[in-house]
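Here the working numbering runs 3 ahead of the position in the sequence shown, where the first position is 1.
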Amino acid sequence: MTSLSRRKALALGGGVLVLAAAGKSPAGAQAEHEIHGLSAFGDLKYPADFRQFDYVNINAPKGGMFSSIPSTAAYNQSFQTFNSLNAYILKGDGAHGMDMTFTALMMRAGDEPDSMYGLAAKSVSVSADKTVYRFRIRPEAKFHDGSRLTAHDVAFSLTTLKAKGHPIIQQQMRDVLKIEAVDDEIVVVTFAEKRGRDVPLYVASLPIFSRAYYTNRNFDESTLDIPLGSGPYRVGKFESGRFIEFERVGDWWGADLPVVRGAFNFDIVRFEFYRDRDVAFEGFTGRNYLYREEFTARVWSTRYDFPAIKDGRVKREMLPDETPSGAQGWFINTRRAKFADPRVREALCYAFDFEWTNKTIMYGAYARTHSPFQNSDMMAKGPPSPEELVLLEPFRGSVPAEVFGEPFVPPVSDGSGQDRALLRRASQLLTEAGIPIRDGKRILPNGEVFRIEFLEAEPSIQPHHAPYIKNLATLGIEASLRLVDPVQYRARVDDFDFDMTIKRFSMSATPGDGMRPFFSSQAAKTKGTQNLAGVANPAIDALIERIIGAENRNDLTIACRAFDRVFRAGRYWVPQWYRTNHPIAYWDVFGRPEKPPRYIGGDGAMSGTGTPHLWWSTAIPPQAR
């Protein structure tokens with residue numbers, strides 16, 4: 004990915020949920036039969052008595068330190084700073100890695116697209132109509148102060164997150180109707196009848212907080228007080244905005260569970276925060292931190308020649324990324340009148356010369372993004388299939404005609420940086436949209452000059468904007484780049500106070516209810532959600548519901564392709580680029596699985612490379628292992 008693509012952490016999660024005991028069909032699951040896992044569209048890979056995930060090193064030594072800069076982020080987290088230890092609300096900038104201090108009901112398997120197995124929950128039973136889930140809490144589950152983690156804590160946590168959590172959490176929990184602790188052992192979660200079938204998976208992945216801890220504390224306030232957790236790590240040393248350390252809990256209650264054997268191997272996990280990417284790189288060369296995933300093609304191609312590389316003290320590798328690459332681009336805030344006409348937004352697509360940018364700035368390392376489902380079979384190609392047409396026909400006349408033909412693909416330039424043919428087409432589109440040029444300036448219908456402000460927080464992206472801004476000036480558009488500090492950036496984006504900004508988010512292998520915060524009309528009106536473009540389209544809303552309600556993977560794929568056609572026809576963004584690998588560099592003190600599991604990454608601290616959870620230290624003296 005590029006320097007811009009750390010935003011991939013905003014992953015769309017989950018899919019249609021089907022109960023499946025290993026070795027049995029979903030239809031064989033009985034209403035009150037307790038099972039050890041949940042799976043979407045098929046059987047669980049691992050049986051009830053499995054010992055560990057296949058991809059872990061069960062003999063990995065415990066000890067040592069892992070240190071890095073953040074490569075993923077979620078909810079209120081920033082890549083450049085933090086000022087709060089509450090990473091699950093809208094307020095503040097949450098510290099990266101806080102998820103490691105909590106446990107959840109279940110944990111995802113990295114080698115299955117959408118399966119979860121018991122963590123704090125020993126098992127789960129589901130009603131025949133799939134609306135009532137009874138989770139049985141392990142009696143050995145404990146908080147770090149030794150108090151028992153009970154069903155009452157689970158009920159408190161889910162209720163609190165639904166009412167006071169980050170808007171993305173609230174959106175994805177809107178179909179949770181009731182949460183009740185029957186006793187210390189059983190918590191019952193009731194879902195709406197027609198809710199997204201992935202919602203139970205999402206609920207099972209949420210952190211569990213101590214009810215007693217929050218008796219005299221407000222959950223929805225940012226704070227630097229260390230919360231009481233129950234996970235494999237606790238917060239150690241930290242300095243707000245600079246670094247945070249997490250210390251492995253030596254007597255953690257869950258250390259021998261099948262879902263965590265071979266994982267959480269480091270004694271210390273540390274995250275460093277830098278406001279500037281170049282400074283961050285120098286920090287790595289100086290061994291201020293030990294692991295780096297590189298997001299800047301220029302840096303990867305030209306700056307990895309320092310002495311530690313040459314003498315082998317630092318290793319450099321390319322790890323495959325076989326998951327959907329997601330969407331990266333300049334998202335256009337259609338809430339603003341000047342961007343209301345799709346012809347204007349298409350003109351902005353024609354003004355961006357990807358071929359020149361890739362060749363000149365990014366050393367030819369990237370391919371052009373076309374779709375939010377890039378690098379997957381959910382991406383639309385060619386004319387709609389008969390199955391897609393069944394979903395699209397109800398919207399004929401209310402969506403662009405191109406939806407029923409070839410999907411929109413960004414234009415290919417001549418690589419000159421100023422392709423005259425493309426700029427001529429952009430000029431035509433602007434004129435057709437009622438934005439003529441007068442005295443060299445584009446004039447909006449209200450008489451104002453057409454101006455665009457690109458809002459960003461990272462200086463390293465300036466070279467990517469400069470040629471784009473130059474082309475916009477050729478069209479008569481006054482464009483500029485506004486760099487703000489990370490706190491101000493997040494506040495403005497949360498309030499949708501921008502013209503255009505870069506964002507990257509990746510898709511789950513099984514998209515579901517998690518699409519609502521990114522694309523639904525409701526999210527377009529809800530501050531703090533990820534619907535940056537302000538997509539408010541009844542056809543898209545309806546197709547999201549078809550995605551959520553898909554009964555099998557084939558139906559899901561068809562619904563995603565239909566959605567893709569309508570979304571791309573809306574010209575809501577200027578697509579940028581992607582790559583299908585992870586360029587990583589690390590000081591030679593780590594071991595790792597030979598190949599990270601295909602579906603690992605997404606939420607929390609774990610990246611698509613399996614760091615830090617699946618790696619281990621090789622710098623531990625043998626006698627200390």
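Positions of the beta carbon are idealized from the N, C-alpha and C atoms, including for glycine.
- Listed in chain order, the beta strand (DSSP E) elements of length 3 or more contained wholly in the region 447 to 488 are 454 to 459 and 481 to 486.
- Residue pairing by DSSP puts Ile38 in a beta bridge opposite Val127.
- Scanning the region 264 to 332 for uninterrupted alpha helix (DSSP H) segments of 4 residues or longer gives 280 to 288, 300 to 305 and 310 to 313, listed from N- to C-terminal end.
- Following the DSSP letters along the chain, one finds Ile172 inside the alpha helix (DSSP H) bounded by residues Pro170 to Gln175.
- By the Cβ criterion, the region 186 to 195 is in contact with the region 132 to 144, since at least three pairs of Cβ atoms, one from each stretch, lie closer than 8 Å.
- With the rule of 3 Cβ pairs closer than 8 Å, the region 482 to 490 counts as touching the region 77 to 97.
- In this structure, Gly613 keeps its C-beta atom at 9 Å or more from the C-beta atom of Ile505.
- Here Thr75 is buried: its Cβ has 16 or more other Cβ atoms, across all protein chains shown, within 10 Å.
- Annotation: the continuous beta strand (DSSP E) that includes Leu180 extends over Val179 to Ala184.
- Using a 10 angstroms sphere on the CB of Gln465, the tally of other CB atoms stays under 16, which defines it as exposed.
- With fewer than 16 neighbouring CB atoms inside 10 Å of its own CB, Gly289 falls in the exposed class.
- For Ser419, the three-state secondary structure derived from DSSP is coil.
- By the Cβ neighbour-count rule, Ser463 is buried, with 16 or more other Cβ atoms within 10 Å of its own.
- The DSSP-derived three-state label of His585 is strand.
- Comparing alpha carbon positions, the residue from Glu285, Asp254, Ala572 and Asp46 closest to Phe146 is Asp254.
- Contact fails between the region 336 to 346 and the region 505 to 525, because fewer than three Cβ pairs, one in each stretch, are under 8 Å apart.
- Here His373 is near Pro410, since their CB atoms are less than 9 Å apart.
- C-alpha of Ser126 to C-alpha of Met109: approximately 9 Å in a straight line.
- The straight-line gap separating the alpha-carbon atoms of Arg278 and Glu461 is approximately 8 Å.
- In the structure shown, the three-state DSSP call for Pro578 is strand.
- Take Thr337, set aside five residues on each side of it, and the residues of its chain with a beta-carbon closer than 7 Å to its own are Ala343, Ala536, Gly537 and Tyr575, in chain order.
- Setting aside the 5 residues that flank it on each side, Glu143 is surrounded in the same chain by Trp256, each with a C-beta closer than 7 Å to its C-beta; the list follows chain order.
- When secondary structure is reduced to three states using DSSP, Glu554 falls in the coil class, being assigned neither helix nor strand.
- In this structure, the alpha-carbon of Pro210 lies about 26 Å from that of Ala63.
- Assigned with DSSP and collapsed to three states, Thr104 falls in helix.
- The straight-line gap separating the alpha-carbon atoms of Leu204 and Met119 is approximately 7 Å.
- If the five residues before and after Met365 are omitted, its C-beta is found closer than 6 Å to the C-beta atoms of Ala300, all from its own chain and listed in chain order.
- Residue state for Ile140 is assigned as strand, using DSSP reduced to three classes.
- Here Ile551 has Gly199, Gly515 and Asp516 as same chain residues with Cβ atoms under 6 Å from its own Cβ, once five neighbours each way along the sequence are excluded.
- Here DSSP, grouped into helix, strand and coil, assigns Thr621 to coil.
- Unbroken beta strand (DSSP E) runs of no fewer than 3 residues, entirely contained in the region 235 to 263, are found at 236 to 242 and 246 to 251, following chain order.
- For a cut-off of 8 Å, the C-beta gap from Leu293 to Ile587 is around 11 Å, too long to register as a contact.
- Here the alpha carbons of Leu231 and Pro596 stand approximately 32 Å from one another.
- The continuous stretches of alpha helix (DSSP H) do not include Lys506, which lies in the beta strand (DSSP E) extending over residues Met503 to Phe508.
- Taking every protein chain shown into account, the CB of Ala542 has 16 or more other CB atoms within 10 angstroms, so this residue is buried.
- Per DSSP, the continuous beta strand (DSSP E) segment holding Tyr120 begins and ends at Met119 to Gly121.
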